[in-house]
Structure formats: structure tokens, C-alpha cells
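For the sequence shown, the UniProt record's numbering begins at 1 and goes up steadily by one. Positions of the beta carbon are idealized from the N, C-alpha and C atoms, including for glycine. All of these numbers come straight from a predicted model, not from anything done at the bench. Working notes, structure below.
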Amino acid sequence: MPEPHQPSLAPPLLQDLRAGTATLHVALEQRLPFFCEQLDAAWYQRLIQAYYGFYQPLEAALDQSGLIPAGYEPQLRRKTPALHGDLLALGLSQAEIDHLPRCPQLPRLDTPGACLGTLYVLEGATLGGQILRREMARRLALDAGNGGAFLDVYGALTGRRWKDFLDYLGRMPSHTSARQQVVDAAQSTFACFERWLDSREVLL
1 MPEPHQPSLA PPLLQDLRAG TATLHVALEQ RLPFFCEQLD AAWYQRLIQA
51 YYGFYQPLEA ALDQSGLIPA GYEPQLRRKT PALHGDLLAL GLSQAEIDHL
101 PRCPQLPRLD TPGACLGTLY VLEGATLGGQ ILRREMARRL ALDAGNGGAF
151 LDVYGALTGR RWKDFLDYLG RMPSHTSARQ QVVDAAQSTF ACFERWLDSR
201 EVLL
């Protein structure tokens, strides 16, 4: 991030996204239990089940929308397979995974801008996952092979893929109305995710 006294070099869309989601991001972060002393293996499993219940239908809806602007590589960036693998590693059967509750209230994905806003939230979460990965390794001895793959979904490519995504955002239309559409969708994605996690009783 630029120092406060420096002019921002970020494209206008990224500036708007950061400003428009900062409060929601911090509010959700403070309610996630990853750093809670009471977090145990059972709570972690319920948390991953809840994440799967949001990511699986949301990524499916993104794929089905046909509205993701060209240049994104969904096959390289899907998070659902890692979550699915984690649930198997944590002891769930395929039948149990198939019957996990799915979030019924997803953000609207009816425009390319809406898809972009949602993707911004999902991609940004991969950076935070690196911090959570280290904490879960320390606390619960989790790694990519026994239930922690989602937290390190891109592995050594995390930084590279985030930069590529920011470059992708920078190529998007930057007029004010288009930017607002993207920001609105990002805000909606945060709100839907928090409501879902709340309903699954996995937050602080």
C-alpha cells in the first residue's frame, strides 16, 4: 500500500473497492474465530463446512452466469475443490458433504460488474488465508494434507495470482457507474457471507 503522503498508483476501480469494503472486511475479520483461544478441531470443521456451503454454490453461480469478463481463469482459481478435499480429510463422507447446507442468499451475479465485485472478495481472501494457515498449523497441526488446503489454496503462487488479478482489474472499464456496480457487488458478497456464517453459528 502507498504511504499516506504518496499519491496512490492503484487504478480507480481498485481504490474504490478498497475504500468501499474496508469497514465490512474488518468487521467480518474480527468475528472470525481463527485466533480465538476456544477454537478447537470441532469448531474448525464446522467453519470449513460453512465455508463450503457458501463457496460451492457461489462458484457454481459464477460459472453459470457466463458474465465473468474475459481474462479471468476460473479453472485455476476455484476454491471449492480445496474445501471439498479438506472436508474429506477431516473425516466427512461424500454423502455427508453432499447433504451439507448451502447458502440460499447469494449476491446477485447478473452483470459483469457484479461478477467482478464478487471475485474481488474471493481472491482477496486468499491473501488472508496465508496468515490463517500459519495459525492453524501452530494451533491445530493442520496442513494441506489433513484439512488445511483451503487456507493455502494457491500455495507458493499466492502473491503472483493476486498481482495477476489486480492487473486484470486494472484492465476493466473505469467509468464511475461501472465502478460503483463492482463495489456494490463486493459489499453484497461480504454481507451475504457474514449472514451465512452467522446462520451457521460459527462466528464470534
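| Item | Value |
| --- | --- |
| Quick check: the Cα distance between Ile97 and Trp162, rounded to an integer number of angstroms? | 29 Å |
| Would Ser174 and Pro69 be called neighbours here (beta carbons separated by less than 8 Å)? | no |
| Pairs of beta-carbons, one from the region 30-37 and one from the region 69-89, closer than 8 Å: are there three or more? | no |
| Give the single residue among Ala141, Gln30, Glu135, Met172 whose Cα lies nearest to the Cα of Gly113. | Met172 |
| Thinking C-beta only, is Phe193 closer than 8 Å to Lys79? | no |
| Please identify the residue among Trp196, Ala22, Leu142 whose C-alpha is closest to the C-alpha of Asp40. | Leu142 |
| Quick check: the region 114-133 against the region 173-188, are at least 3 beta-carbon pairs closer than 8 Å? | yes |
| Grouping DSSP H, G and I as helix and E and B as strand, with all else coil, what is Asp16? | helix |
| Got a sec? Which residues, its chain only, sit under 6 Å from Gly170 by beta carbon, not counting five neighbours each side? | Pro11 |
| Provide the residue span of the alpha helix (DSSP H) that contains Ala95, from first to last. | 94-98 |
| Can you give me the C-alpha to C-alpha distance between Glu123 and Leu88, rounded to a whole angstrom? | 23 Å |
| Report yes if the C-beta distance between Leu100 and Ala61 is below 8 Å; otherwise report no. | no |
| Could you compute how far the alpha carbon of Asp164 sits from the alpha carbon of Asp198? | 32 Å |
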